[in-house]
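The numbering used here numbers the first residue of the sequence shown as 22 and each following residue consecutively.
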Amino acid sequence: MSEHNHVVNKEGEMALNKVDDALRRMDGERKEDILESFDAFKRYLGGRIEVAQSIGLSEEMMAKAAEKIGDYLAANEEPRNREEKLLQELWKAGEQEHRHALAHILVRLVRTTQ
């Protein structure tokens, strides 16, 4: 099964409670490839955003998913470069509303660089 099948239900709606599960199931080597550089991370996030756009998810739903990914990364992964370290520091310093705003910014950053 693809990540799409794990996180998006048959009506094309995102099941945010399954995002963490999908991230935990990700192969360690694949995770390393994604997190090796900020550009690799942006490419990965960009791919997920393309899938989300293709099934008609709103920017708000994409930001909520990005927020779940950010929560997971901040709690479970060590930064591998300066950009990831900065994002982690910002994430941890912010309250929930700040993290949500940062998630929106990340979605927009990736959408404009695709």
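Just so it is clear, CB atoms sit at the ideal spot from N, CA and C, and this is done for glycine as well.
Practice task
Measure the CB-CB distance between residue 96 and residue 86 and report whether it falls below 9 Å.
Solution key: no
Problem - Run of the alpha helix (DSSP H) containing residue 69, from where it starts to where it stops - result: 59 to 75
Handout entry: Residue of 48, 133, 128 minimising C-alpha distance to residue 89
Key = The candidate whose alpha carbon is nearest that of residue 89 is 128.
Problem - Alpha carbon of residue 45 to alpha carbon of residue 55, nearest angstrom - result: Approximately 14 Å, taken between the alpha carbons.
Problem - Cβ-based neighbour list, residue 120, same chain, cut-off 8 Å, excluding 5 preceding and 5 following - result: 88, 91, 92, 112
Handout entry: Spatial distance of residue 115 from residue 103 (CA atoms)
Key = 18 Å
Handout entry: Whether residue 105 touches residue 94 by CB criterion (9 Å)
Key = For residue 105 and residue 94, yes; Cβs fall inside 9 Å.
Handout entry: Assumed close pair residue 131, residue 76 - CB separation to whole angstroms, cut-off 8 Å
Key = Contact doesn't hold; Cβ gap of about 17 Å is too wide.
Problem - Same chain only: Cβ atoms within 7 Å of residue 59, ignoring 5 sequence neighbours per side - result: 102, 104, 105
Exercise for the section: Could you tell me if residue 83 is buried or exposed, where buried requires 16 or more neighbouring beta carbons within 10 angstroms of its beta carbon? Expected result: Its Cβ being crowded by 16 or more others within 10 Å, residue 83 is buried.
Exercise for the section: Inspect the beta-carbon positions of residue 134 and residue 63 and report whether they are closer than 9 Å. Expected result: yes
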